[in-house]
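Enquirer: Just so you know, the sequences run in chain order A and B.
Take the first sequence: its letter number 177 is residue 177 in my numbering, and every next letter is one higher.
In my numbering, each number is its position in the second sequence, counted from 1, plus 1000.
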Amino acid sequence: MNAPNSFRAQPDERGHFGQFGGRYVAETLMPLILELGREYERAKADPAFKAQFDDLLEHYVGRPSPLYFAERLTEAVRKDATPGKGAQIWFKRDELNHTGAHKINNCIGQILLAMRMGKTRIIAETGAGQHGVATATVAARFGLPCVIYMGAKDVERQQPNVFRMKLLGAEVRPVESGAKTLKDAMNEGLRDWVANVHDTFYIIGTAAGPHPYPELVRDFQSVIGREAREQMLKRIDRLPDLLVAAIGGGSNAIGLFHPFLDDPDVKMLGVEAAGEGLDKRHAASLAGGFPGVLHGNKTYLLQDEDGQIAEAHSISAGLDYPGIGPEHAWLKDIGRVEYTAVTDTQALDAFQLLCRTEGIIPALEPSHAIAAVTDKARQMNKDQIILANLCGRGDKDIFTVAEALGVAI
Amino acid sequence: MNSPIPLSEPSNNGLDRLRFAFADAQAQGRAALVTFVTAGDPTPGATGAILDALVAGGTDVIELGMPFTDPMADGPAIQSANLRSLAAGTKTADILAIAKAFRTRHPDVPLVLMGYANPMLRRSADWFANAAKDAGVDGVICVDVPPEEDDALGPALRDAGLHLIRLATPTTDTARLPAVLDGASGFLYYVSVAGITGLQQAAQTSIEEAVARLKSATDIPVAVGFGVRTPEQAANIGRVADGVVVGSAIVDLVGKHGSGAPEPVRSYIEQLAAALRAARKEPA
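(1) Along chain B, which residues have their Cβ under 7 Å away from the Cβ of E327(A)?
(2) Is R1030(B) helix, strand or coil when you go by DSSP?
(3) Closest by CA to Q221(A), which one among V147(A), H313(A) and K103(A)?
(4) Are the beta-carbon atoms belonging to T181(A) and D344(A) less than 7 Å from one another?
(5) Could you have a look at M165(A) and say whether DSSP puts it in helix, strand or coil?
(6) Just the C-alpha distance for K1256(B) and T1047(B), rounded to the nearest angstrom, thanks.
(7) Which whole-angstrom value describes the C-beta separation of F1036(B) and G1247(B), a residue pair presumed to lie in contact below a C-beta threshold of 8 Å?
(8) What did DSSP end up calling V133(A) once you bin it into helix, strand or coil?
(9) Using the DSSP secondary-structure output, state which residues sit across from I89(A) in a beta bridge.
(10) Could you say which of L269(A), A124(A) and G406(A) lies nearest to D184(A) if we only look at CA atoms?
(11) Report, in whole angstroms, the separation of the C-beta atoms of V1245(B) and V1228(B), which I expect to be a contact under 8 Å.
(12) Starting from V342(A), trace the beta strand (DSSP E) both ways and give me its first and last residue.
(13) Hey, is E125(A)'s beta-carbon within less than 7 Å of any beta-carbon in chain B?
(14) Check distances from the C-beta atoms of the stretch 189-204 of chain A to those of chain B and list, in chain order, the residues that come in under 7 Å.
(15) Following the continuous alpha helix (DSSP H) through F1102(B), name the residue where it begins and the one where it ends.
(16) Applying a beta-carbon distance threshold of less than 7 Å, which residues of chain B neighbour S177(A)?
(17) Compute the beta-carbon to beta-carbon distance between Q1201(B) and V1193(B), rounded to the nearest angstrom, for a pair I have assumed lies under 8 Å.
(18) Are there 16 or more other CB atoms within 10 angstroms of the CB of V407(A), so buried, or fewer, so exposed?
(19) Out of R1277(B), T1043(B), R1017(B) and A1093(B), point me to the one whose CA is closest to P1107(B)'s CA.
(20) Would DSSP call T400(A) helix, strand or coil?
(21) Would you kindly report the start and end of the unbroken alpha helix (DSSP H) that includes Y1268(B)?
(22) For K1281(B) and A1027(B), what's the separation of their Cα atoms in angstroms?
(23) Go ahead and pull the three-state DSSP assignment for Q308(A).
(24) Between V244(A) and L57(A), what straight-line distance do the alpha-carbon atoms span, to the nearest angstrom?
(25) Would the C-beta of A1152(B) count as close to the ligand HEM, meaning under 6 Å from any of its heavy atoms?
(26) Using the C-alpha atoms, what's the distance from A253(A) back to Q10(A)?
(27) Candidates I361(A), H313(A), G325(A) and I360(A): which alpha carbon is nearest V342(A)'s?
(28) Can you check whether the C-beta of G307(A) is within less than 7 Å of a C-beta belonging to chain B?
(29) Sorted by chain position, which residues of the same chain lie with C-beta nearer than 6 Å to C355(A)'s C-beta, five sequence neighbours on each side aside?
(30) What residue does the alpha helix (DSSP H) around T1205(B) start on, and which one ends it?
(31) Beta-carbon of T299(A) versus every beta-carbon of chain B: anything under 7 Å?
(32) Taking CB distances under 7 Å as the criterion, tell me whether D1144(B) reaches chain A.
(33) Does any C-beta atom of chain A lie closer than 7 Å to the C-beta of P1042(B)?
(34) What is the DSSP secondary structure of N187(A), reduced to helix, strand or coil?
(35) Just to confirm before moving on: does the CB-CB distance between D1070(B) and A1032(B) stay below 7 Å?
(36) For the stretch 1195-1215 of chain B against the stretch 1160-1177 of chain B, do three or more pairs of beta-carbon atoms, one drawn from each stretch, fall closer than 8 Å, so that the two count as touching?
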């Protein structure tokens, strides 16, 4: 590995994170992608843009989110750890944001960009519906019409979020093509965009897609890591030893990790969804995929030997995607971040453990992170600190969990 | 540009079929007819006869679509064709075999592969370019490798002596056009509608303006497609463009008739070809 001076200087001007990222889009979209890149550079340099973003995050989203020491979870882990082991577990409470997940941070940033660019119509894709709800929320807040593409299968299994989006004034279009899940919703979002480039802004929900999306989504989500770093230093005057976050596309993880990337003593662990197991159906693109090109960027993808994209599977609809943000692909290859995968069953166990020990019902996405956290904490010393991102709350998942546990509600 | 380019002009290893096809059509006072079908639709075994029907009907250039699970620039017709093909088990090896067999039957008809980056890059760009060349393919159209990402595919194609056919669209402005043309060869594919394949057709006046703008910037032929369905539409475009691309309408016929598609396809292509032959001989 050829260590760069900084791990925070990516991407290059062409949007590449090492060999990953880039702008693999149809020619029709290319001029718009270039214009978005230029506008984002202008926005970054504009103090008024930052001021408006910060103001909305504080008064509308409810930031900063708390930093919380999970004392009872830590004790529970120490009970079956060897003496001297059992690291302290802390959570960044992004599940307390307005709309119940980290997704809103990014949506605020992107709708402000859309307004700057004079766009009058918003589209987005959604899997579990969290990004769809967050997008519908900001569209309502700024008075723009909004169309959400959602796989027909996801529409069926996420009815409460579909209704939320409709309450917020969005039109939800079920996508019947392909496997009828998140990647197909993204295809349909791109098809809409290519036909409506003149007036439409596409709010992509994760740190993936063509440049500049992975960069700007990361930047908007980095509020998570910036706050956490400051809060840690203020509360206990030290940085955590290990950061942990769940990864579908990877926006909450990159948001937590990025501000710490140049702190050499802070290790990081990204947790993919191993579904039914890495030898069966899963959604772990880094663990089971190969580099390829999809949805505008080069990254690790679940695919066959001919480059056909495989269906992902996870109990968590938010992790159910066959790709991953390109910066994670790069961070894996250079070895700065470690990645692991957690099964549906392990995530369900962690979900219940957090409910009972801390009185917090987490979403199934961060339940994957919690499973990895408890595992790591047992191996680490008592004086060490793990900080995990609790990126969403579990209200949306109670039906899925009930079904998985065999409970009729 | 008024005389046909001689067949003997060396271009990479042998004749440049694409260049000859466009020059030949021009010498006959008509636009070239460029037709698209998806390889392996309805089955890999059925595609050969459909390609033969395209040729028999009067096609000048064939675009053979490489099926992909996520064809995000395509409308419902070609999406369905992709799914039918993949459901029939079409592999990259089948597509190359279809091309190779076509080349044996039709030594002079140019064939280009059209598709998305991932299946082309899966084994490496060099592998793909060499395999395509060996199969007798003349060029490649890749929907999601714009000039900004040319490194991913362009050098491999050029090294193998294959044409890289670039796309220009209504959003490709004058400032950007040189970047699109840099490294483009074979022909320039003007996507006349900002949108996905097969749904609507652009206004004739906007096509005429665009073709004039493109032709003033390049010497390679300009072919126009997206939404062309009727012989009349083809004729209108054929009056101003060097080539007319028809895809979704043919793919719909394949979807409707399955392995019985060759005859209706041939008949439809004949109508398009006749319209193009007549187009420049009558007042618009």
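Quick reminder that beta carbons are idealized off the backbone N, C-alpha and C, glycines included.
Expert: Short version:
(1) As a working mapping, residue 327(A) is identified with position 327 in the first sequence. None at all; the shortest Cβ gap to chain B is about 17 Å.
(2) The residue labelled residue 1030(B) in the question sits at position 30 within the second sequence. Three-state result, R1030(B): coil.
(3) Sequence index remark: in the first sequence, residue 221(A) carries index 221 (1-based). Per the Cα distances, K103(A).
(4) Reading the first sequence from its first residue, position 181 is the one you call residue 181(A). Reading the first sequence from its first residue, position 344 is the one you call residue 344(A). D344(A) sits away from T181(A), with the two beta carbons spaced by 7 Å or more.
(5) Position 165 of the first sequence, counted from the first residue, corresponds to residue 165(A). In the three-state reduction of the DSSP assignment, M165(A) falls in the helix class.
(6) What you label residue 1256(B) is simply residue 256 of the second sequence in a count that begins at 1. What you label residue 1047(B) is simply residue 47 of the second sequence in a count that begins at 1. About 14 Å.
(7) Within the second sequence, the letter at position 36 stands for residue 1036(B). Within the second sequence, the letter at position 247 stands for residue 1247(B). Contact holds; Cβ gap of about 3 Å.
(8) What you label residue 133(A) is simply residue 133 of the first sequence in a count that begins at 1. Assigned with DSSP and collapsed to three states, V133(A) falls in helix.
(9) As a first step, residue 89(A) must be located in the first sequence, where it is residue number 89. BP columns for I89(A) point to I386(A).
(10) Sequence index remark: in the first sequence, residue 184(A) carries index 184 (1-based). Scanning L269(A), A124(A) and G406(A) for the CA closest to the CA of D184(A) turns up A124(A).
(11) Taking the first residue of the second sequence as position 1, residue 1245(B) is located at position 245. Taking the first residue of the second sequence as position 1, residue 1228(B) is located at position 228. Yes, they are in contact, since the Cβ atoms of V1245(B) and V1228(B) sit about 7 Å apart, within 8 Å.
(12) Within the first sequence, the letter at position 342 stands for residue 342(A). Taken as a continuous stretch (DSSP letters only), the beta strand (DSSP E) holding V342(A) covers E338 to T343.
(13) Looking up residue 125(A) in the first sequence gives position 125. Taking CB atoms only, E125(A) has no neighbour in chain B less than 7 Å away.
(14) Under the 7 Å Cβ criterion, the stretch 189-204 of chain A contributes L190, R191, V194, A195 and V197.
(15) Counted from its first residue, the second sequence places residue 1102(B) at position 102. F1102(B) -> alpha helix (DSSP H) spans T1092 to R1105.
(16) One-based indexing of the first sequence puts residue 177(A) at position 177. Within 7 Å Cβ-Cβ: Q1079.
(17) Residue numbering aside, residue 1201(B) sits at position 201 when the second sequence is read from its first letter. Residue numbering aside, residue 1193(B) sits at position 193 when the second sequence is read from its first letter. With 8 Å as the limit, Q1201(B) and V1193(B) qualify as a contact, their Cβ atoms being about 7 Å apart.
(18) Here residue 407(A) refers to the residue found at position 407 when the first sequence is read from its first residue. Its Cβ having fewer than 16 others within 10 Å, V407(A) is exposed.
(19) Residue numbering aside, residue 1107(B) sits at position 107 when the second sequence is read from its first letter. When each option's Cα is compared against that of P1107(B), the closest is R1017(B).
(20) As a first step, residue 400(A) must be located in the first sequence, where it is residue number 400. T400(A) carries a helical assignment under DSSP once its states are collapsed to helix, strand and coil.
(21) Along the second sequence, read from residue 1 onward, the residue named residue 1268(B) stands at position 268. Counting along the chain, the alpha helix (DSSP H) containing Y1268(B) begins and ends at P1262 to A1279.
(22) As a working mapping, residue 1281(B) is identified with position 281 in the second sequence. As a working mapping, residue 1027(B) is identified with position 27 in the second sequence. If you take the alpha carbons of K1281(B) and A1027(B), they lie about 14 Å apart.
(23) Start at 1 with the first residue of the first sequence, and residue 308(A) comes out as number 308. DSSP places Q308(A) in coil when its eight states are reduced to three.
(24) What you label residue 244(A) is simply residue 244 of the first sequence in a count that begins at 1. What you label residue 57(A) is simply residue 57 of the first sequence in a count that begins at 1. Whole-angstrom Cα-Cα distance: 23 Å.
(25) Absence of the ligand HEM is noted for the structure shown, with no ligands found whatsoever.
(26) By one-based count along the first sequence, residue 10(A) stands at place 10. By one-based count along the first sequence, residue 253(A) stands at place 253. Spanning the two alpha carbons is a distance of roughly 16 Å.
(27) For the purposes of this step, residue 342(A) is taken as residue 342 along the first sequence, with counting starting at 1. Ranking I361(A), H313(A), G325(A) and I360(A) by Cα distance to V342(A) puts H313(A) first.
(28) If you number the first sequence from 1, residue 307(A) lands on position 307. With its beta carbon less than 7 Å from one in chain B, G307(A) belongs to the interface.
(29) Against the first sequence, residue 355(A) aligns to sequence position 355. Same-chain partners within the cutoff: I361.
(30) Working through the second sequence from its first residue, we reach residue 1205(B) at position 205. Counting along the chain, T1205(B) sits inside the alpha helix (DSSP H) bounded by residues Q1204 to K1215.
(31) What you label residue 299(A) is simply residue 299 of the first sequence in a count that begins at 1. Not a single CB atom of chain B sits nearer than 7 Å to the CB of T299(A).
(32) The residue given as residue 1144(B) occupies position 144 in the second sequence. Contact of D1144(B) with chain A is assigned, a C-beta pair being separated by under 7 Å.
(33) Stepping through the second sequence from its first residue, residue 1042(B) is reached at position 42. It does not; no Cβ of chain A falls within 7 Å.
(34) For the purposes of this step, residue 187(A) is taken as residue 187 along the first sequence, with counting starting at 1. In the structure shown, N187(A) sits in a helix (DSSP, three-state: H, G or I).
(35) Taking the first residue of the second sequence as 1, we reach residue 1070(B) at position 70. Taking the first residue of the second sequence as 1, we reach residue 1032(B) at position 32. Taking 7 Å as the cut-off, the Cβ atoms of D1070(B) and A1032(B) do not count as close.
(36) Result yes; three or more Cβ-Cβ pairs closer than 8 Å.
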